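First up is the structure itself, then whatever we jot down about it.
There are 2 protein chains.
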Amino acid sequence: MIENYEAFRGELSMSKEDVIRDVYRQNKERISIKKEATAVKNLTRIIESTLRLANSKGFHAMTLRDLCGDSGMSMGGLYAYIRNKEDLIHLIQSHGFIITRRTLLHYTGEVEDVRDRLFAAIKAHLYLSELMRAWFYFSYMEAKSLPAEEKRDAVAIELEIEEIFLGLIEDGIEAGVYRSRNARLVASMVKALLQDWYLKRRKYRDQNVAVDDYAAFVRDVIESYLL
Amino acid sequence: MIENYEAFRGELSMSKEDVIRDVYRQNKERISIKKEATAVKNLTRIIESTLRLANSKGFHAMTLRDLCGDSGMSMGGLYAYIRNKEDLIHLIQSHGFIITRRTLLHYTGEVEDVRDRLFAAIKAHLYLSELMRAWFYFSYMEAKSLPAEEKRDAVAIELEIEEIFLGLIEDGIEAGVYRSRNARLVASMVKALLQDWYLKRRKYRDQNVAVDDYAAFVRDVIESYLL
DNA sequence: GTCTATATAGGGATAGAC
DNA sequence: GTCTATCCCTATATAGAC
């Protein structure tokens, strides 16, 4: 169960380095660097810079020279970690997938009450996208230009998330807690609202809306429709 | 007042050629073709192909050779209409702005009842994005890579739309029809839901959700929260 | 393991024929 | 008004020094 955003944040940032280590191990055959410590250090810089630049001007518009400038690496150095530009996408995506899967599995399904369970899922998603905003934004915006394999995964995880919410809503309807409504549409709505949070992050910041405010708002909207 | 989607569709498609003519006239100094009829014909092809290709692989990833292949024009022919690749963006954007402004002005503000007025605005936006889906999608997805001037306009029109909804919701609250709620958040939500319609068009099509179904759904969700 | 220098291709842009 | 052929730069990718 999720206590609050701060606790969530603490747990996750502790595990961030582990995730990069996983990324390194999963991609070992493409990476010519053998020392794990340096590899993890550089992969971190590469992933962070790629996300920053791709999110500000688009992945395709970002040149590898931009990336080297931003990350402080040289072209040769960079190419020790990738075979070509597309491999960058693979690094980014596997990085996000690992965290997302881990976290959503960890934070859902242990709650008894139907309504609380839905709320927990909403919070888990919001908290996660808050901490991993750059990755969520990248995945959404670059989805159409992802290479085949990554595209399949991206579509799959999107669907998976929507199915989670669909299931929770259907549970509520079957239990008689919620009114009978078009559950698919409601699940779509939940996802659209959760996506808006990371796609329009600046807008909400300007309006001084905190994550927990937004979570409560989403719950209230859904419940006034479903109760 | 909007009757229904079919009527709306009829009126708008009749005026589509007029819009391209406007685009031509507004960009006459950049376009070296003097015969209006041929210019309009080719501009139509250029705009359609650009939207199709940019929406499937991204504007930056689309090469001008791709564009020539798809539109059936030659490189030389294309360059009679633009000075450089960026000008394509300008053509696309001015095309969309002209239609959007015209339409939203035409279809809002004449309704008496507060609740109906909000519903009319929702329908107007959904209908418009339905007919101009490619343009809305392009504007949203390429927003970050638009040239300065177009970016300003895009941000402005987004804000304008959100302010329209904000105004309508505040009207309802002041009139005592709606409960007192955070109107800004509700307006954000409305916009997020309207955007989801054109961003995830395929999903809704697969689920057999028609525009009017979705409009009714959005209204119901909002009203259960506001009433 | 990291850097600089360089090869190569792909794509934006243009000249000039028709 | 439209096309083909070509220019030239930029960005990816690699070779090889340190």
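Protein chains in written order, with the working numbering: chain A, 1 to 227; chain B, 228 to 454. C-beta: ideal position from N, C-alpha, C; glycine also. Bear in mind the structure is a predicted one, so any value in this text is a computation, not a measurement.
Presumed contact (8 angstroms Cβ cut-off) between residue i and residue j, rounded CB distance
{"i": "methionine 73 of chain A", "j": "arginine 115 of chain A", "result": "At roughly 49 angstroms, the Cβ-Cβ gap does not stay under 8 angstroms, so methionine 73 of chain A and arginine 115 of chain A are not in contact."}
{"i": "valine 338 of chain B", "j": "alanine 351 of chain B", "result": "About 10 angstroms separates the two Cβ atoms, so there is no contact after all."}
{"i": "threonine 335 of chain B", "j": "isoleucine 391 of chain B", "result": "7 angstroms"}
{"i": "alanine 134 of chain A", "j": "leucine 43 of chain A", "result": "At roughly 15 angstroms, the Cβ-Cβ gap does not stay under 8 angstroms, so alanine 134 of chain A and leucine 43 of chain A are not in contact."}
{"i": "phenylalanine 97 of chain A", "j": "isoleucine 47 of chain A", "result": "Actually they are not in contact, since the Cβ atoms of phenylalanine 97 of chain A and isoleucine 47 of chain A sit about 13 angstroms apart, beyond 8 angstroms."}
Separation of residue j from residue i, as counted between CA atoms
{"i": "leucine 318 of chain B", "j": "phenylalanine 59 of chain A", "result": "23 angstroms"}
{"i": "leucine 353 of chain B", "j": "arginine 328 of chain B", "result": "14 angstroms"}
{"i": "aspartate 153 of chain A", "j": "leucine 332 of chain B", "result": "42 angstroms"}
{"i": "leucine 49 of chain A", "j": "leucine 280 of chain B", "result": "Per the sequence presented here, residue 49 of chain A reads as serine, with leucine not at that position. For serine 49 of chain A and leucine 280 of chain B, the distance between alpha carbons rounds to 28 angstroms."}
{"i": "threonine 387 of chain B", "j": "methionine 75 of chain A", "result": "Before going further, note that residue 387 of chain B is glutamate rather than threonine in the sequence given. Their Cα atoms are separated by approximately 44 angstroms."}
{"i": "isoleucine 316 of chain B", "j": "phenylalanine 365 of chain B", "result": "10 angstroms"}
{"i": "alanine 442 of chain B", "j": "glutamate 230 of chain B", "result": "13 angstroms"}
{"i": "lysine 57 of chain A", "j": "alanine 7 of chain A", "result": "33 angstroms"}
{"i": "leucine 168 of chain A", "j": "serine 451 of chain B", "result": "20 angstroms"}
{"i": "serine 32 of chain A", "j": "glycine 77 of chain A", "result": "10 angstroms"}
{"i": "arginine 257 of chain B", "j": "lysine 312 of chain B", "result": "13 angstroms"}
{"i": "glycine 64 of chain A", "j": "proline 147 of chain A", "result": "The amino acid occupying residue 64 of chain A in the given sequence is leucine; glycine does not appear at that position. Answer to the nearest angstrom: the Cα atoms are 18 angstroms apart."}
{"i": "glycine 10 of chain A", "j": "methionine 1 of chain A", "result": "15 angstroms"}
{"i": "methionine 189 of chain A", "j": "serine 13 of chain A", "result": "29 angstroms"}
{"i": "threonine 173 of chain A", "j": "phenylalanine 136 of chain A", "result": "Residue identity differs from the one stated: residue 173 of chain A is isoleucine in this sequence, not threonine. Distance between the alpha carbons of isoleucine 173 of chain A and phenylalanine 136 of chain A is about 30 angstroms."}
{"i": "leucine 166 of chain A", "j": "alanine 402 of chain B", "result": "36 angstroms"}
{"i": "aspartate 340 of chain B", "j": "glutamate 397 of chain B", "result": "14 angstroms"}
{"i": "lysine 35 of chain A", "j": "serine 15 of chain A", "result": "20 angstroms"}
{"i": "arginine 181 of chain A", "j": "tyrosine 140 of chain A", "result": "28 angstroms"}
{"i": "aspartate 213 of chain A", "j": "lysine 151 of chain A", "result": "33 angstroms"}
{"i": "tyrosine 314 of chain B", "j": "valine 177 of chain A", "result": "First, the residue type needs correcting, since residue 314 of chain B is aspartate and not tyrosine in the sequence shown. The straight-line gap from Cα to Cα measures roughly 55 angstroms."}
{"i": "lysine 28 of chain A", "j": "glutamine 93 of chain A", "result": "16 angstroms"}
{"i": "histidine 322 of chain B", "j": "valine 155 of chain A", "result": "32 angstroms"}
{"i": "tyrosine 55 of chain A", "j": "glutamate 17 of chain A", "result": "It is worth fixing the name first, because residue 55 of chain A is asparagine in this sequence and not tyrosine. When rounded, the distance between both Cα atoms is 22 angstroms."}
Coarse secondary structure for residue i, derived from DSSP in three states
{"i": "threonine 271 of chain B", "result": "helix"}
{"i": "threonine 100 of chain A", "result": "helix"}
{"i": "lysine 203 of chain A", "result": "helix"}
{"i": "histidine 322 of chain B", "result": "helix"}
{"i": "asparagine 409 of chain B", "result": "coil"}
{"i": "aspartate 398 of chain B", "result": "helix"}
{"i": "serine 415 of chain B", "result": "helix"}
{"i": "isoleucine 258 of chain B", "result": "coil"}
{"i": "arginine 310 of chain B", "result": "coil"}
{"i": "glutamate 369 of chain B", "result": "coil"}
{"i": "glutamate 339 of chain B", "result": "coil"}
{"i": "leucine 454 of chain B", "result": "coil"}
{"i": "asparagine 231 of chain B", "result": "coil"}
{"i": "alanine 61 of chain A", "result": "coil"}
{"i": "serine 129 of chain A", "result": "helix"}
{"i": "glycine 403 of chain B", "result": "coil"}
{"i": "glycine 69 of chain A", "result": "helix"}
{"i": "alanine 156 of chain A", "result": "helix"}
{"i": "valine 218 of chain A", "result": "helix"}
{"i": "serine 49 of chain A", "result": "helix"}
{"i": "valine 23 of chain A", "result": "helix"}
{"i": "valine 209 of chain A", "result": "coil"}
{"i": "serine 240 of chain B", "result": "helix"}
{"i": "serine 283 of chain B", "result": "helix"}
Cβ pair residue i, residue j closer than 7 angstroms
{"i": "leucine 345 of chain B", "j": "arginine 406 of chain B", "result": "no"}
{"i": "valine 436 of chain B", "j": "leucine 420 of chain B", "result": "no"}
{"i": "valine 246 of chain B", "j": "isoleucine 349 of chain B", "result": "no"}
{"i": "valine 221 of chain A", "j": "tyrosine 5 of chain A", "result": "no"}
{"i": "lysine 418 of chain B", "j": "glutamate 389 of chain B", "result": "yes"}
{"i": "serine 145 of chain A", "j": "alanine 288 of chain B", "result": "yes"}
Could you tell me whether the segment 421 to 431 of chain B touches the segment 184 to 199 of chain A, where touching means 3 or more Cβ pairs closer than 8 angstroms? Of all C-beta pairs linking the segment 421 to 431 of chain B to the segment 184 to 199 of chain A, three or more are shorter than 8 angstroms, placing the two stretches in contact.
Are three or more beta carbon pairs between the segment 31 to 43 of chain A and the segment 81 to 98 of chain A nearer than 8 angstroms? The segment 31 to 43 of chain A and the segment 81 to 98 of chain A touch, with no fewer than 3 CB-CB distances between them shorter than 8 angstroms.
Contact between the segment 248 to 258 of chain B and the segment 288 to 296 of chain B is defined here as three or more beta-carbon pairs at a separation below 8 angstroms; is this criterion met? Pairwise C-beta distances place the segment 248 to 258 of chain B out of contact with the segment 288 to 296 of chain B, as fewer than three of them are shorter than 8 angstroms.
The segment 419 to 429 of chain B in contact with the segment 349 to 369 of chain B per 3-pair CB rule at 8 angstroms: Touching, yes, given that three or more Cβ pairs across the two stretches are closer than 8 angstroms.
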